[in-house]
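What follows is a single structure, written as structure tokens, with notes after it.
Protein chains in written order, with the UniProt record's numbering: chain S, 1 to 102; chain Z, 1 to 377.
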């Protein structure tokens with residue numbers, strides 16, 4: 001028996017370990033799903049009780065805090081030609097009100 | 001069959017040894033490749049997680065929100081609008097909402113102050129979101145002062161904090177009593193911030209919304225479907241944060257793949273010449289390069305994806321926090337529900353592994369089909 005492993009054995013083993021780790025993420029996701037989904041249901045229940053309409057992800061301006069309720073002139077809040085000055089607005093596309101009607 | 005496997009195992013042996021001869025260059029390439037997959041997969045998993053979060057939460061949001069617009073700006077809605085909307089056929093319940101923004105100059109943070117509809121808060125007390133509690137180091141029983149728009153300093157007692165697991169929707173909330181809210185902002189007694197309505201038959205939401213718009217011409221009606229569409233657009237791969245990150249990352253990868261495809265180094269050409277001169281077939285040379293491309297790209301893809309999974313679902317996408325936070329001081333702490341979208345993973349796989357493998361094989365095919373003598377010269 002060879003004392004040294006063949007390069008193909010080593011490299012394919014590393015690949016198999018990486019594949020196993022990737023598959024393990026699926027198992028991990030399945031195991032954590034129930035508890036995390038319960039927390040999400042609680043968030044949804046709070047949103048329902050408080051009649052919330054938006055995520056509190058970007059709190060810097062009213063039209064990033066509540067994009068669903070921002071006025072039609074977002075992101076030209078200050079005057080019609082004013083460009084947006086908050087970084088999070090670079091992450092958000094303009095609201096597609098022209099696609100409003102299904 | 002055994003011969004087939006044995007042949008390919010020898011080819012893999014040769015490929016790995018060949019990669020080892022240019023260790024520095026290949027490790028650098030591998031690191032860039034892992035980083036690229038990591039960034040793309042992190043963005044993809046995070047936006048998918050946030051989109052699912054928004055969908056789940058907005059499914060419980062008000063069916064219809066009615067705002068009043070004056071000169072393109074939101075204006076408080078007269079309380080009479082509640083009666084006008086209630087009279088519309090198909091409307092089940094109507095409720096005026098009171099909420100607004102407060103800028104905390106000391107902390108330079110924006111809070112959302114609101115009157116909870118079905119959760120009474122005592123006069124002089126507030127219930128705060130987890131983000132504010134963390135920022136101001138407040139707990140139940142503590143005193144907090146807010147400066148009213150007229151310059152008065154108003155004192156509130158923190159009567160509770162919202163569950164920290166709900167920060168994604170409540171990090172910046174301050175819940176208070178209606179009397180306190182109106183007194184604090186000097187909000188007229190005959191006005192609401194906006195009005196929410198629920199509809200008896202969910203299929204009639206569009207019709208009811210149109211009727212409200214007809215009855216109240218100055219109103220802007222936002223339905224739950226509009227809210228969902230806003231968040232779809234925000235976390236859609238065609239726009240928003242995914243597009244911002246994708247454009248840079250994909251461009252970098254195109255440069256990388258182009259550099260690889262544009263030509264072989266003199267060493268590589270000589271190596272191919274020697275292999276062909278000692279009797280290797282063109283198909284053997286291509287098989288070696290296929291294994292090179294497949295091993296590097298598969299390993300980089302798997303490593304990048306596993307790291308991205310940990311980053312998003314165990315560290316809440318911490319590397320994106322500075323970008324998402326922007327100028328905001330308050331940023332929610334949240335854990336996304338680990339849901340893996342097979343289509344997104346397949347898309348990243350297709351856009352990273354396939355082009356790289358092809359880019360590895362194509363120049364080799366050109367070099368391997370010409371005469372060894374010419375290649376070695």
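By construction, the Cβ of each residue, glycine as well, lies at the ideal position given by its N, Cα and C atoms.
Note that the coordinates shown come from a computational prediction; the quantities given were computed from them, not determined experimentally.
Neighbour flag for residue i against chain S, beta carbons, 8 Å
i, result
"residue 67 of chain Z", "yes"
"residue 4 of chain Z", "no"
"residue 201 of chain Z", "no"
"residue 168 of chain Z", "yes"
"residue 217 of chain Z", "no"
"residue 26 of chain Z", "no"
"residue 109 of chain Z", "yes"
"residue 159 of chain Z", "no"
"residue 328 of chain Z", "yes"
"residue 356 of chain Z", "no"
"residue 284 of chain Z", "no"
"residue 339 of chain Z", "yes"
"residue 209 of chain Z", "no"
"residue 112 of chain Z", "yes"
"residue 46 of chain Z", "no"
"residue 72 of chain Z", "yes"
"residue 306 of chain Z", "yes"
"residue 120 of chain Z", "no"
"residue 9 of chain Z", "yes"
"residue 360 of chain Z", "no"
"residue 180 of chain Z", "no"
"residue 321 of chain Z", "no"
"residue 335 of chain Z", "yes"
"residue 149 of chain Z", "no"
"residue 227 of chain Z", "yes"
"residue 353 of chain Z", "no"
Closer than 8 Å to chain Z by CB, residue i
i, result
"residue 13 of chain S", "no"
"residue 7 of chain S", "yes"
"residue 47 of chain S", "yes"
"residue 19 of chain S", "yes"
"residue 16 of chain S", "no"
"residue 1 of chain S", "The predicted model places residue 1 of chain S with a pLDDT of 47, which falls under 50 and marks its position as unreliable; any figure quoted below should be read in that light. Cβ-Cβ to chain Z under 8 Å: no for residue 1 of chain S."
"residue 71 of chain S", "yes"
DSSP three-state assignment for residue i, whether helix, strand or coil
i, result
"residue 97 of chain Z", "strand"
"residue 71 of chain S", "coil"
"residue 108 of chain Z", "coil"
"residue 335 of chain Z", "coil"
"residue 314 of chain Z", "coil"
"residue 6 of chain S", "coil"
"residue 374 of chain Z", "helix"
"residue 120 of chain Z", "coil"
"residue 8 of chain Z", "helix"
"residue 365 of chain Z", "helix"
"residue 321 of chain Z", "helix"
"residue 59 of chain S", "coil"
"residue 340 of chain Z", "coil"
"residue 227 of chain Z", "helix"
"residue 88 of chain S", "helix"
"residue 255 of chain Z", "helix"
"residue 102 of chain S", "Because residue 102 of chain S sits at a pLDDT of 46, beneath the cut-off of 50, its placement in the model cannot be relied upon, and the following sentence gives the value as read from the coordinates. Coil, per DSSP."
Residues sharing a beta bridge with residue i, DSSP
i, result
"residue 219 of chain Z", "Z:68"
"residue 192 of chain Z", "Z:77"
"residue 265 of chain Z", "The partner list for residue 265 of chain Z (beta bridge, DSSP) is empty, contrary to what the question assumes."
"residue 175 of chain Z", "Z:114 and Z:127"
"residue 197 of chain Z", "Z:64 and Z:94"
"residue 103 of chain Z", "Z:110"
Residue from the options with nearest C-alpha to residue i
i, options, result
"residue 288 of chain Z", "Z:3, Z:2 and Z:17", "Z:17"
"residue 164 of chain Z", "Z:335, Z:97, Z:281 and Z:327", "Z:335"
"residue 36 of chain Z", "Z:157, Z:249, Z:15 and Z:269", "Z:249"
"residue 403 of chain Z", "Z:183, Z:354, Z:308 and Z:364", "Here chain Z comprises residues numbered 1 to 377, so residue 403 of chain Z is not present and cannot be evaluated."
"residue 203 of chain Z", "Z:91, Z:234, Z:104 and Z:184", "Z:91"
"residue 9 of chain Z", "Z:253, Z:133, Z:292 and Z:28", "Z:292"
"residue 42 of chain S", "Z:212, Z:170 and Z:12", "Z:170"
"residue 223 of chain Z", "Z:75, Z:158, Z:103 and Z:195", "Z:195"
"residue 286 of chain Z", "Z:366, Z:193, Z:154 and Z:309", "Z:366"
"residue 57 of chain Z", "S:50, S:19, S:5 and S:21", "S:50"
"residue 186 of chain Z", "Z:218, Z:175, Z:147 and Z:173", "Z:147"
"residue 188 of chain Z", "Z:115, Z:290, Z:77 and Z:219", "Z:77"
"residue 273 of chain Z", "Z:343, Z:109 and Z:369", "Z:369"
"residue 87 of chain Z", "Z:362, Z:4 and Z:199", "Z:199"
"residue 61 of chain Z", "S:19, S:47 and S:35", "S:47"
"residue 50 of chain Z", "Z:324, Z:226 and Z:34", "Z:324"
Any C-beta of chain B under 8 Å from that of residue i
i, result
"residue 76 of chain Z", "The structure shown contains no chain B; its protein chains are S and Z."
Any non-hydrogen atom of the ligand ADP within 7 Å of residue i CB
i, result
"residue 129 of chain Z", "As far as ligands go, the structure on display features none, and thus does not contain the ligand ADP."
Segments assigned alpha helix (DSSP H), at least 4 residues, entirely inside the region 141–172 of chain Z: 167–170
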